[in-house]
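Undergrad: Take the position in the sequence shown, starting the count at 1, then add 35; the result is the number in my numbering.
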Amino acid sequence: MKRYTLSDYHDHSPFKSTRLAVRAIILDSSRTKILTQFLNSWNITTIPGGGVEDQETLEDAIIREVLEETGYSTRIITPLCEVEEFREHQLFHQINTFYVLEVDGIQNERKLSTKEQDYGISNEWLALEDAYTQIYTQDVDTKQRWFVQQRDILAFNYFFENYSKMI
Numbered sequence: 036m037k038r039y040t041l042s043d044y045h046d047h048s049p050f051k052s053t054r055l056a057v058r059a060i061i062l063d064s065s066r067t068k069i070l071t072q073f074l075n076s077w078n079i080t081t082i083p084g085g086g087v088e089d090q091e092t093l094e095d096a097i098i099r100e101v102l103e104e105t106g107y108s109t110r111i112i113t114p115l116c117e118v119e120e121f122r123e124h125q126l127f128h129q130i131n132t133f134y135v136l137e138v139d140g141i142q143n144e145r146k147l148s149t150k151e152q153d154y155g156i157s158n159e160w161l162a163l164e165d166a167y168t169q170i171y172t173q174d175v176d177t178k179q180r181w182f183v184q185q186r187d188i189l190a191f192n193y194f195f196e197n198y199s200k201m202i
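1. Just tell me which of A59, R54, L55, I141 has its CA closest to the CA of I188.
2. Within 10 angstroms of its Cβ, does I6 collect 16 or more other Cβ (buried), or is it exposed?
3. When the Cα atoms are used, what is the spatial distance from K37 to L55?
4. For Y107, count neighbouring Cβ atoms within 10 angstroms of its own Cβ and tell me buried if that reaches 16, exposed if not.
5. When the Cα atoms are used, what is the spatial distance from Y193 to L62?
6. Ignoring anything shorter than 3 residues, give me the beta strand (DSSP E) runs that lie fully in the stretch 86 to 138, in order along the chain.
7. Pull up the CB-CB distance for T105 and P83, whole angstroms please, since I reckon it's below 8 Å.
8. Under a three-way DSSP split, which group does R58 fall into?
9. The alpha helix (DSSP H) spanning W77 covers which residue range?
10. May I ask you to list the residues that DSSP assigns as paired with K68?
11. In angstroms, rounded to a whole number, what distance separates the CA positions of D43 and I112?
12. What is the DSSP secondary structure of T172, counted as helix, strand or coil?
13. Take E144 and list the residues in its own chain whose beta-carbon comes closer than 8 Å to its own, dropping the five residues that flank it on each side.
14. Could you pull the DSSP bridge partners for I156 from this structure?
15. To the nearest angstrom, how far is the alpha carbon of R1 from that of Y198?
Here is the structure:
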């Protein structure tokens, strides 16, 4: 699996913990659109995903996260890439595993956490290139949002470079 690193880490002291997270590039059944996620309180577009829970596989986590945040039942097409983040400004270390998924059912009710509700999460289907453009061109005003944007850009770049092999 392709691996990338994002870092603003200049110190050599260890991070206290590592968070495992999963992210999804979700395709519609025609494989011409991607489901994006808008976080109203951050004014940023990203892709669905979240933390891996104890005793959960990465694959189980991505299916659960997508169902909770979007209401869609999905199936994994392929693992995509990994983006490791070292955020010194937050003393935060996270390993994001990206997957390509396809919707395989109708949309059900979302089950957002209180934190996700506070973000004001909404979802929107966009054409493949429009989703990338939306994420790539948005203004980010904090270091944390820059990390979110950059990890998604890395995954999208790899997705588009390998789209014909994956689909």
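Just so it is clear, CB atoms sit at the ideal spot from N, CA and C, and this is done for glycine as well.
These figures come from a predicted structure and were not determined experimentally.
TA: On the basis of the coordinates in this document:
1. A59
2. Here the chain comprises residues numbered 36 to 202, so residue 6 is not present and cannot be evaluated.
3. 16 Å
4. buried
5. 15 Å
6. 107 to 122
7. 6 Å
8. strand
9. Careful: W77 lies outside any alpha helix (DSSP H) and carries neither H nor E.
10. A162
11. 32 Å
12. helix
13. G106
14. L74
15. Because the chain spans 36 through 202 in this model, residue 1 falls outside it and cannot be assessed.
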